[in-house]
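J.: The structure under discussion is supplied below as structure tokens; questions concerning it will follow.
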Amino acid sequence: MRKSIESILEKYDNCKRDSLISLLQEIQENEGYLSEEAIVKTGKKLKIPTSKIYGVATFYNQFRFEPTGKYHIMICRGTACHVLGSLTVLQELEKILKIKAGQTTRDGLFSIEIVACIGACGLAPVINVNGIFHAKVTVESIKEIIESYRKKEE
34 MRKSIESILE
44 KYDNCKRDSL
54 ISLLQEIQEN
64 EGYLSEEAIV
74 KTGKKLKIPT
84 SKIYGVATFY
94 NQFRFEPTGK
104 YHIMICRGTA
114 CHVLGSLTVL
124 QELEKILKIK
134 AGQTTRDGLF
144 SIEIVACIGA
154 CGLAPVINVN
164 GIFHAKVTVE
174 SIKEIIESYR
184 KKEE
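Numbering follows the working numbering, with no gaps: position 124 of the sequence shown is 157.
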């Protein structure tokens, strides 16, 4: 069950600046991303300008500022995946979905995130869709994978 931003902030009642990252992590875990509302409310709670909070959040690539799609696709760009063609898979994925990494499709179904390493090098190139791994992905198989998720929506 999702908690409101206010209920998360209440847990950090007497906190200071040193709690900022853990607070932002909890908000993102709950909301799926850091909304403008969340950043403003966090700034008021910690008495920190929103520009400073945004600066911290943009420094770390773990934070997102847009909601993810129903099917969040993480594509590995680690060494093994890179060598075995993950860049061409990424390019095909962006072409199929008509979005770039870090974006969500207009219908809210798909989003793409590039990750440094998924830790499944023996399956390279690999993608993860909502916790489900797809191994040895190719330009051809990515089309089938996306189509299988679209069919779930019919």
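Just so it is clear, CB atoms sit at the ideal spot from N, CA and C, and this is done for glycine as well.
Unbroken beta strand (DSSP E) runs of length 3 or more, entirely within the stretch 92–172: which are they?
T.: 104–109, 143–148, 160–162, 165–167
J.: On the three-state DSSP scale, how would you describe K36?
T.: coil
J.: Any idea what DSSP makes of G65, helix, strand or coil?
T.: coil
J.: Quick check on DSSP: helix, strand or coil for K49?
T.: coil
J.: Could you check the C-alpha separation between E127 and S37 for me, to the nearest Å?
T.: 33 angstroms
J.: Are the CB atoms of I108 and S119 nearer to each other than 8 angstroms?
T.: yes
J.: If the criterion is Cβ atoms closer than 8 angstroms, does the pair I175 and E99 meet it?
T.: no
J.: Compare the beta carbon distance of L142 and E186 with 8 angstroms and say whether it is the shorter of the two.
T.: The Cβ-Cβ distance between L142 and E186 falls below 8 angstroms.
J.: Just how far apart, CA to CA, sit M34 and L56?
T.: Here the model assigns M34 a pLDDT of 47, short of 50, so the residue's position is not dependable, and the following value carries that caveat. If you take the alpha carbons of M34 and L56, they lie about 18 angstroms apart.
J.: Hey, would you say L65 sits closer than 8 angstroms to T101, going by beta carbons?
T.: Note that residue 65 is Gly in the sequence shown, not Leu. Yes; because the gap between Cβ atoms is below 8 angstroms, this pair is in contact.
J.: With a Cβ-Cβ cutoff of 8 angstroms, do I106 and I145 count as a contact?
T.: yes
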